[in-house]
Amino acid sequence: MWQEFKQFALRGNVVDLAIGVIIGAAFGRIVESLVGDIFMPIIGAISGGLDFSNYFVPLSKNVTATSLAQAKAQGAVLAWGNFITVAINFAIIAFILFLVVKGINQMRRKADAKAEEAKKAPEIPADVKLLGEIRDLLRDRRSV
16 MWQEFKQFAL RGNVVDLAIG VIIGAAFGRI VESLVGDIFM PIIGAISGGL DFSNYFVPLS
76 KNVTATSLAQ AKAQGAVLAW GNFITVAINF AIIAFILFLV VKGINQMRRK ADAKAEEAKK
136 APEIPADVKL LGEIRDLLRD RRSV
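Just so you know, we're using the working numbering here: the sequence shown kicks off at 16 and counts up by one.
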């Protein structure tokens, strides 16, 4: 069983997937920081100092806190400001992944076009074609 597990775990696809997950997690943290530390403060400054991360609606009468962390400790809250931040994170990640996939597809199309062009036979010059036709005609005369 151990041998079978090693064969499975060390396959190229599994290792590639693991690397992708690790890089994706690190990339997610970068985007989180980009949104939380750069975009949201700018949006807050434009909108008059709004801090979306602390916007919530209390769902319990016990919630009297003014910050989201304290409010969550007191009871149920609807953290819509945090949702906006996470939605912006998702939009940025989705857009960057779109650009990456678009770039990969463009490189693939270029490579496919080059391979297709290489497969085509080179164009035979007109004088060589004419000499071939003359040769074929002479060969046909001899056989008659």
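Ideal placement from N, C-alpha and C gives every residue a C-beta, glycine not left out.
Exercise for the section: Report back the beta-carbon spacing between Val92 and Phe71 to the nearest angstrom; my notes put them in contact at under 8 Å. Expected result: 4 Å
Exercise for the section: Decide yes or no for the touch test of the stretch 42-58 against the stretch 91-105: beta carbon pairs closer than 8 Å, at least 3 of them. Expected result: yes
Exercise for the section: Have a look at the DSSP bridge pairing and note the partners of Val72. Expected result: Leu93
Exercise for the section: Would you kindly work out how many angstroms separate the C-alpha atoms of Phe67 and Thr100, rounded to a whole number? Expected result: 7 Å
Practice task
Report yes if the C-beta distance between Gln89 and Asn77 is below 8 Å; otherwise report no.
Solution key: yes
Practice task
Take the Cβ of Met55 as the centre, count every other Cβ of all protein chains shown within 10 Å, and call the residue buried at 16 or more, exposed below.
Solution key: buried
Handout entry: Ile149 versus Asp155 - alpha carbon distance
Key = 10 Å
Practice task
Determine, using beta carbons only, whether Phe23 and Val30 come nearer to each other than 8 Å.
Solution key: no
Exercise for the section: Could you round the C-beta distance between Ala177 and Leu83 to whole angstroms and report it? I think they count as a contact, below 8 Å. Expected result: There is no way to answer for residue 177, as the model of the chain reaches only from 16 to 159.
Handout entry: Gln121 to Leu146 span [Cα, whole Å]
Key = 42 Å
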